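Here is the structure we will look at, set down as C-alpha cells.
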C-alpha cells in the first residue's frame, strides 16, 4: 500500500508539473495533432437573409456529430472580423470536421445520418464549397 | 496523510472513470469547445506546380504557431478525397487557426511574427481567400 501511495503521489505531481509547464509556455512550436484530415464546408442559403433558415441548417449540421468517424465537429456562422478584400463573408453556415484518416471521411459521406441530413436540409442551400485538407 | 491518500485514490478513480465513459461512447451530441473563433485561409501559389514553393509556404505558416493568441493551428495541403463538383482542390496550402475570441484574432493580424511571415512569404502566393467563422 505504501508503494501504491507513492505511485499516486508521483503521478499526481507529474501531472501537476506538466500542467504548469504547458500554461507557463509563452509561445510554442508547430505540432501536428491526432486528427489530420480536415473537411470544411461552406453553405450559401437560398434565402440569404433568413435567420430561420440559417438556424435550421445549423441544427441540421449539428446532427452530424453522431457519426462515429467524425472525431470533432464545429458548426459556424460568419464572424464579425474586420472587412477585408480577401475575406469571404458571403456564406451563411460552415461545417468543420476532423477525421483520423481519409477512410473516416469516406465513411461519413455515405453514412445514413449524413444522407438524412441532406434529405432534410438540402432545400435550404443554393451553393456549397468544400475544402478537404490534410496536415502538412 | 491518510486523508491525502484517500483524495489521491478518489481523484485517480474519477479520472479513470471519465476516460472510460468518453471512449465507450458510440456517438455524441454536438458540443461547443473553448476556442469559438475559426480563421481559415487558403493560398493559391504563383507557381502552382512548385513543391518547393509549397513547402516554403508551409514552413512559413508554421512559424505563426508562436503567436500567443493562436490557441491551435493546423497547416494543410490538399487531401486526396473523392473529386466532386463541390470540392475546391485548386489551392495549395491552408492555414486553420482557433482563437478564444475576436480580440485574439485581431491581435494576430498585427503581430510582428505575422508581419514577418507576410514579408518573407507573400511573394509565393497569387491569391488568398479567408473564411472567419464563430461557433453557432
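Residue numbers (the working numbering), protein chains in the order written: chain A, 1 to 136; chain B, 1001 to 1136. C-beta atoms are modelled at their ideal positions from N, C-alpha and C, and glycine is treated no differently. All of these numbers come straight from a predicted model, not from anything done at the bench.
Under 8 Å between C-beta atoms, does residue i make it to chain A?
i: residue 1062(B); result: yes
i: residue 1132(B); result: yes
i: residue 1069(B); result: no
i: residue 1021(B); result: Confidence in residue 1021(B) is poor, its pLDDT being 46 and thus under 50, which makes the residue's placement too unreliable to answer from.
i: residue 1042(B); result: yes
i: residue 1053(B); result: no
i: residue 948(B); result: There is simply no residue 948(B) to check, as chain B begins at 1001 and stops at 1136 in what is shown.
i: residue 1129(B); result: yes
i: residue 1073(B); result: yes
i: residue 1049(B); result: no
i: residue 1066(B); result: yes
i: residue 1115(B); result: no
i: residue 1124(B); result: no
i: residue 1094(B); result: yes
i: residue 1080(B); result: yes
i: residue 1028(B); result: yes
i: residue 1024(B); result: Residue placement at residue 1024(B) is poorly supported in this model, since its pLDDT is 44, which falls under 50; the coordinates are not used for a value here.
i: residue 1100(B); result: no
Distance cutoff 8 Å, beta carbons only. Does residue i sit that close to anything in chain B?
i: residue 103(A); result: no
i: residue 107(A); result: no
i: residue 76(A); result: yes
i: residue 90(A); result: no
i: residue 118(A); result: no
Taking residue i as part of the alpha helix (DSSP H), name the residues at either end of that continuous run.
i: residue 119(A); result: 112 to 121
i: residue 102(A); result: 102 to 109
Name the DSSP bridge partner or partners of residue i?
i: residue 1132(B); result: 1039(B)
i: residue 86(A); result: DSSP lists no partner for residue 86(A).
Counting only the same chain and skipping the five closest in sequence on each side, list residues whose C-beta sits under 6 Å from that of residue i.
i: residue 97(A); result: 39, 70 and 73
i: residue 1134(B); result: 1036 and 1037
i: residue 1132(B); result: 1039
i: residue 1078(B); result: 1089
i: residue 1130(B); result: 1041
i: residue 116(A); result: none
i: residue 1066(B); result: 1113
i: residue 1002(B); result: Annotation note: pLDDT 49 at residue 1002(B) (below 50); position unreliable, coordinate value reported separately. The answer is none, since no qualifying residue turns up.
Could you check where the beta strand (DSSP E) with residue i kicks off and where it finishes?
i: residue 1094(B); result: 1093 to 1099
What residues in its chain sit with their C-beta under 8 Å from that of residue i, if we drop five residues either side in the sequence?
i: residue 955(B); result: There is no way to answer for residue 955(B), as the model of chain B reaches only from 1001 to 1136.
i: residue 75(A); result: 58, 61, 62, 93, 94, 95 and 96
i: residue 52(A); result: none
i: residue 54(A); result: 45, 77, 92 and 93
i: residue 1064(B); result: 1070, 1073, 1095, 1097, 1108, 1113, 1114 and 1117
Given residue i, which residues of its chain have a CB within under 7 Å of its CB, disregarding the five upstream and five downstream residues?
i: residue 1102(B); result: 1037
i: residue 1126(B); result: 1044, 1045 and 1046
i: residue 123(A); result: none
i: residue 1120(B); result: 1060
Does residue i have its Cβ less than 8 Å from a Cβ in chain C?
i: residue 1130(B); result: No chain C is part of this structure, whose protein chains are labelled A and B.
Quiz item: What runs of the alpha helix (DSSP H), each 4 residues or longer, lie entirely inside the region 22 to 73 of chain A?
Solution: If only uninterrupted alpha helix (DSSP H) runs of at least 4 residues are considered, those enclosed by the region 22 to 73 of chain A are 51 to 62.
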